[in-house]
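Residue numbering for the sequence shown follows the numbering used here, beginning at 155 and increasing consecutively. This report refers to the structure that appears directly beneath it.
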Amino acid sequence: MNNPFLCAVAADVDPKTRVVEITLDDGNVYRCSLADVSDRLRLVDASLLTDWEWIGPKAGMHWPAVDEDLSIEYLVANGFLCNQTVGASSESVQVA
């Protein structure tokens with residue numbers, strides 16, 4: 155994957171596991187542990203994890219009650235997204 159301008163087209167947060175599943179505009183589905191990415195999202199009451207909104211044109215996610223933002227660019231650049239597409243490897247997203 156060599157597109158440094160990836161945006162999400164869909165996302166779903168599982169508050170029980172603190173995992174977000176993100177579908178990027180390249181058509182692939184990726185998973186990310188929120189507990190690994192953010193201390194705030196790791197420590198907050200799980201019921202607040204489903205209360206999020208998009209940042210800009212789906213370039214990231216914002217949790218108003220927690221005052222936490224995660225950009226797709228940050229998740230990609232730091233190797234937090236793992237490919238979960240059927241038949242794909244479990245490698246992280248890579249950008250050139």
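Note that CB positions come from ideal geometry on N, CA and C, so glycine has one too.
Would you mind giving the Cβ-Cβ distance between residue 214 and residue 225, rounded to the nearest angstrom? I have them listed as a contact below 8 Å.
Rounded, the Cβ-Cβ distance is 4 Å, consistent with contact.
Using only CA atoms, which one of 217, 222 and 173 lies nearest to residue 189?
Cα-wise, what sits closest to residue 189 is 173.
Per DSSP, which residues does residue 224 bridge with? Please list them.
In DSSP, residue 224 forms a bridge with 215.
Which of the three DSSP states, helix, strand or coil, is assigned to residue 190?
Here residue 190 sits in helix by DSSP.
Collapsed DSSP secondary structure at residue 156 in the structure displayed:
For residue 156, the predicted structure reports a pLDDT of 48, less than 50, and the residue's modelled location is therefore unreliable. A value from the coordinates is still provided. Coil, per DSSP.
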